[in-house]
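In UniProt numbering, the protein residues as written are 1 to 413.
Right, here's the structure in full:
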């Protein structure tokens with residue numbers, strides 16, 4: 001909707017409110033006169049919208065015919081600074097919750113952004129997070145506890161799809177061909193189809209009215225940190241769920257130098273072992289950090305190229321995440337149904353392999369926000385609700401590319 005159309009629509013709404021105010025006051029003639037004006041304004045608005053629709057159709061036709069560069073009808077998107085986009089985004093939230101109109105310059109920025117989106121309005125009735133804000137959220141999400149950095153990430157533009165990969169292609173050699181001989185027909189490749197279906201994840205931030213009275217910079221910083229933290233936790237959980245599913249029932253006990261050697265020498269294919277990493281939590285890292293070989297040398301050493309990083313066997317990068325992200329498991333005296341206080345030991349998880357070969361995260365890259373002051377108990381507690389949606393899916397690709405090790409430790413005494 002153009003700036004002129006928005007201004008006219010505001011006048012129409014103001015006129016309707018004025019007519020409602022005359023109702024019951026016995027000012028029948030005034031109401032008739034203003035209704036005539038309202039009909040004229042409405043007719044003008046309808047014609048204006050019809051012309052804008054014609055302009056849009058012209059743009060689509062030009063795009064279809066490869067003549068997009070020739071369009072100079074005012075629909076060309078303006079460039080805005082990151083500060084302008086962020087300010088407009090925050091005002092969109094604040095004004096939405098307070099149910100009041102946005103400043104025209106901010107509305108123009110949001111409309112411009114909406115026009116640049118591939119899919120227009122969001123199907124859930126919310127509004128899409130601008131690219132500048134989304135970039136900040138992604139940067140904040142990237143911490144040592146972000147498991148997304150260790151798996152393969154593929155950006156997708158559709159809600160579902162599939163990928164086909166060839167299994168064991170490296171292990172199937174070509175046959176010999178004698179000079180002048182015929183080429184033998186090869187066996188049909190062993191293909192595996194990986195399907196994805198984007199899932200909607202999300203939650204609601206309940207915040208006080210006071211937050212929305214703060215500066216745009218402070219509001220945006222608060223929202224970005226909260227969204228990044230929740231998005232990271234959600235994606236981490238989905239990734240771990242897939243890894244644990246493909247390794248379930250195939251866990252390997254690791255406790256000694258030789259146990260870890262067996263995994264990389266035998267359990268993993270050499271082609272996978274070359275690009276493998278070790279992913280564990282604080283408990284697992286602490287155990288491995290004290291483990292020595294038969295000569296008394298620690299099996300984990302600082303990376304000679306970067307002293308802040310650690311290598312296992314001087315080869316495999318070791319990645320450590322918080323115990324809160326990757327939890328250790330309690331071993332109960334009488335099994336899973338026992339009293340949780342009756343702990344006899346713990347199991348520390350250690351994932352070894354090439355996680356980028358094992359798991360793919362299909363990222364829809366479309367985060368949306370919806371606002372409410374009335375849903376649930378928000379109104380009674382004078383709170384505001386900001387509902388955030390994230391869209392992605394995680395699928396296993398090569399189940400042999402990762403091995404889950406478990407370090408068992410008994411409780412002393």
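We put the CB at the ideal spot given by N, CA and C, even for glycine.
Legend entry - Completely contained alpha helix (DSSP H) runs for the segment 309 to 371, where each covers 4 or more residues: 355 to 358
Inset, instruction - Ignore the nearest five residues each way along the sequence and tell me which others in residue 141's own chain have a CB closer than 7 Å to its CB. - result: 228, 231, 232
Legend entry - Limits of the unbroken beta strand (DSSP E) element including residue 130: Looking at the DSSP string, residue 130 is not in any beta strand (DSSP E), and its letter there is neither H nor E.
Inset, instruction - Inspect the beta-carbon positions of residue 273 and residue 264 and report whether they are closer than 7 Å. - result: yes
Inset, instruction - Assign residue 353 to one of two classes, buried (16 or more other C-beta atoms within 10 Å of its C-beta) or exposed (fewer than that). - result: buried
Legend entry - Check whether residue 198 and residue 393 have beta carbons under 7 Å apart: yes
Inset, instruction - Going by DSSP, name the residue or residues bridged to residue 292. - result: Per DSSP, 298.
Inset, instruction - Figure out for me which residue from 293, 402, 219 has the closest Cα to the Cα of residue 267. - result: Ranked by how close their Cα comes to the Cα of residue 267, the residues 293, 402, 219 have 402 in first place.
Inset, instruction - List the DSSP bridge partners of residue 392. - result: 199, 363
Inset, instruction - Below 6 Å CB to CB, which residues in the same chain sit around residue 383 once its five sequence neighbours on both sides are set aside? - result: 206
Inset, instruction - Measure the beta-carbon distance from residue 242 to residue 285 and round it to whole angstroms, keeping in mind my assumption that it falls under 8 Å. - result: Approximately 22 Å separates the beta-carbon atoms of residue 242 and residue 285; this is outside 8 Å, ruling out the contact.
Legend entry - For residue 332 and residue 348, the rounded distance between their alpha carbons: 14 Å
Inset, instruction - Have a look at residue 251 and residue 360 and give me their C-alpha separation to the nearest angstrom. - result: 21 Å
Inset, instruction - Within 10 angstroms of the Cβ of residue 181, are there 16 or more other Cβ atoms? Answer buried if so, exposed if not. - result: exposed
Inset, instruction - Reducing DSSP to helix, strand and coil, say where residue 276 ends up. - result: Residue 276 falls in the coil class under three-state DSSP.
Inset, instruction - Have a look at residue 412 and residue 143 and give me their C-alpha separation to the nearest angstrom. - result: 34 Å
Inset, instruction - Just the C-alpha distance for residue 366 and residue 409, rounded to the nearest angstrom, thanks. - result: Residue 366 and residue 409: Cα-Cα distance of roughly 43 Å.
Legend entry - Spatially closest choice to residue 346 from 329, 355, 358, 356, by CA coordinates: 329
Inset, instruction - Go through its chain and collect everything with a Cβ distance to residue 301's Cβ below 8 Å, but skip five positions before and after it. - result: Closer than 8 Å at Cβ, skipping near neighbours: 310, 311, 314.
Legend entry - Coil, strand or helix - residue 75 by DSSP: Low confidence applies to residue 75: its pLDDT is 42, below 50, so where it sits in the model is not reliable, and the reading given next is rough at best. Coil.
Legend entry - DSSP three-state assignment for residue 400, whether helix, strand or coil: helix
Inset, instruction - Within 10 angstroms of the Cβ of residue 39, are there 16 or more other Cβ atoms? Answer buried if so, exposed if not. - result: exposed
Legend entry - C-alpha gap between residue 299 and residue 363, whole angstroms: Taking the straight line joining both Cα atoms gives about 37 Å.
Inset, instruction - Would you tell me roughly how many angstroms separate the C-alpha atoms of residue 71 and residue 135, rounded to the nearest one? - result: Any reading at residue 71 must be qualified, since the residue scores a pLDDT of 35, below 50, and its modelled position is unreliable; the value itself is stated next. Straight-line Cα distance between these residues: approximately 30 Å.
Legend entry - Segment limits, beta strand (DSSP E) that includes residue 155: Where residue 155 is concerned, the enclosing beta strand (DSSP E) stretches over 152 to 155.
Inset, instruction - Grab me the residues of residue 372's own chain with a C-beta within less than 6 Å of its C-beta, minus the 5 sequence neighbours each way, in chain order. - result: 385
Legend entry - Selection from 350, 105, 149, 34 that minimises the alpha carbon distance to residue 280: 350
Legend entry - Contact under 7 Å by Cβ, residue 85 with residue 132: yes
Inset, instruction - Return the CA-CA distance between residue 322 and residue 223, expressed in angstroms with no decimal places. - result: Looking at the two C-alpha atoms, the distance is approximately 23 Å.
Inset, instruction - If I'm right that residue 15 touches residue 34 with Cβ under 8 Å, what's the distance once you round it to whole angstroms? - result: 6 Å
Legend entry - Chain-order list of residues whose beta-carbon lies under 6 Å from that of residue 397 (same chain, five-residue window excluded): Only 194, 360 meet the Cβ criterion.
Legend entry - Spatial distance of residue 306 from residue 127 (CA atoms): 43 Å
Legend entry - Beta-carbon contacts of residue 37 that lie in its chain and below 6 Å, excluding the five residues immediately before and after: By the criterion of a C-beta distance shorter than 6 Å, residue 37 is surrounded by no residue of its chain, once the five residues flanking it on both sides are discounted.
Legend entry - DSSP state of residue 406 mapped onto helix, strand, coil: strand
Inset, instruction - Could you name the residues of the same chain whose beta carbon sits closer than 6 Å to that of residue 204, not counting the 5 residues immediately before and after it, in chain order? - result: If we look at residue 204 and ignore the five residues flanking it on each side, its Cβ neighbours are 385, 387.
Legend entry - Backbone secondary structure at residue 244 - three-state DSSP: helix
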